[in-house]
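For reference, the structure discussed in these notes is given below.
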Amino acid sequence: MWLWRELPRIDELPNGSQLQSDGKLKFSDNFFEIFAIPQAWVVDLNGLNIRYRALQQEFHPDKYSTKSQIDQRLAVQMTSLINQAFETLKCPLKRAQYLLELSNINTDQETHITTDGNFLMQQIELREGLQDIFNHKEPWEMLERMRREIEDIYLNLQDSFQENYQKGSLDDALNITAKMQFFSKLLIEVENVEAELEDI
1 MWLWRELPRI
11 DELPNGSQLQ
21 SDGKLKFSDN
31 FFEIFAIPQA
41 WVVDLNGLNI
51 RYRALQQEFH
61 PDKYSTKSQI
71 DQRLAVQMTS
81 LINQAFETLK
91 CPLKRAQYLL
101 ELSNINTDQE
111 THITTDGNFL
121 MQQIELREGL
131 QDIFNHKEPW
141 EMLERMRREI
151 EDIYLNLQDS
161 FQENYQKGSL
171 DDALNITAKM
181 QFFSKLLIEV
191 ENVEAELEDI
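Position 20, counted from 1, in the sequence shown is what my numbering calls 20; the numbers after and before it change by one each time, with no gaps.
In structure tokens:
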């Protein structure tokens, strides 16, 4: 479960709390509300960064060092919530999963795509290709080709998610999100292979 669902509401804070914001931000806000942006797949990343820096400054725990212990604790919690919201919204995979969770869709299960034979075969071939890089006469060129291929597929999946999410096909969007998770992991594997090549 996401942290924002577990934290207290600012309008339900204990007596004695003086934690203030712009009057709009609450612990109960979802991540899109925290950053004052529409609840949608497309996110203005530049605007997200600007809002993030402003919120960091507003709720930095050092600003509350002379306040009550309640306010100090809540400032730390709010900072943690802001950081989690930022990391979620800037990451395509996490943002997709979060949008589905806001629609009460459980994104933890991946078993619903195991019967997609073409997808599973594609995963096997790509992972084998990454391992074969170390035996290739031009490993760096092969790595870049595979990186571009994986990134292109990942971007196409994001486009497919946006299309299905916008038209309300949440089951299809969930299936695509699970595939996005696999390709997100593949991109991490690409980075690991690159690090290993640098050490050779």
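All C-beta atoms in this analysis are idealised placements derived from N, C-alpha and C, irrespective of residue type, glycine included. Just so we're clear, the structure is a prediction, and the values are computed from it rather than from any experiment.
Verify whether the separation of the beta carbon atoms of residue i and residue j is less than 8 Å.
i, j, result
"residue 177", "residue 126", "no"
"residue 102", "residue 30", "yes"
"residue 44", "residue 37", "yes"
"residue 168", "residue 146", "no"
"residue 173", "residue 161", "yes"
If you compare alpha carbons, which of the options is closest to residue i?
i, options, result
"residue 131", "39, 162, 186 and 52", "186"
"residue 137", "83, 188, 197 and 161", "197"
"residue 73", "59, 168 and 154", "59"
"residue 107", "190, 45, 117 and 170", "170"
"residue 88", "63, 40 and 68", "40"
"residue 156", "116, 98, 92 and 120", "92"
"residue 184", "81, 174, 119 and 153", "153"
"residue 200", "133, 188 and 158", "133"
"residue 175", "121, 144, 97 and 190", "97"
Within 10 angstroms of the Cβ of residue i, are there 16 or more other Cβ atoms? Answer buried if so, exposed if not.
i, result
"residue 148", "exposed"
"residue 51", "buried"
"residue 57", "exposed"
"residue 104", "exposed"
"residue 24", "Low confidence applies to residue 24: its pLDDT is 48, below 50, so where it sits in the model is not reliable, and the reading given next is rough at best. Flag for residue 24 reads exposed."
"residue 10", "Because the pLDDT of residue 10 is 41, which lies under 50, any placement of that residue in the model is unreliable, and the question is left without a value."
"residue 15", "Legend: pLDDT at residue 15 = 43, less than 50; position of this residue unreliable, value from coordinates given subsequently. Exposed is the call here."
Under DSSP, the alpha helix (DSSP H) around residue i begins and ends at which residues?
i, result
"residue 47", "45-58"
"residue 184", "170-199"
"residue 37", "Here residue 37 belongs to no alpha helix (DSSP H), and DSSP marks it neither H nor E."
Is the shortest distance between the beta-carbon of residue i and the beta-carbons of chain D less than 8 Å?
i, result
"residue 76", "In summary, chain D is missing from the structure at hand, where a single protein chain is found."
Please give the ranges of any alpha helix (DSSP H) in the segment 69-140, keeping only runs that are unbroken, at least 4 residues long and fully inside the region. If we require 4 residues or more, the alpha helix (DSSP H) runs fully inside the segment 69-140 come out as 69-90, 92-102 and 117-132.
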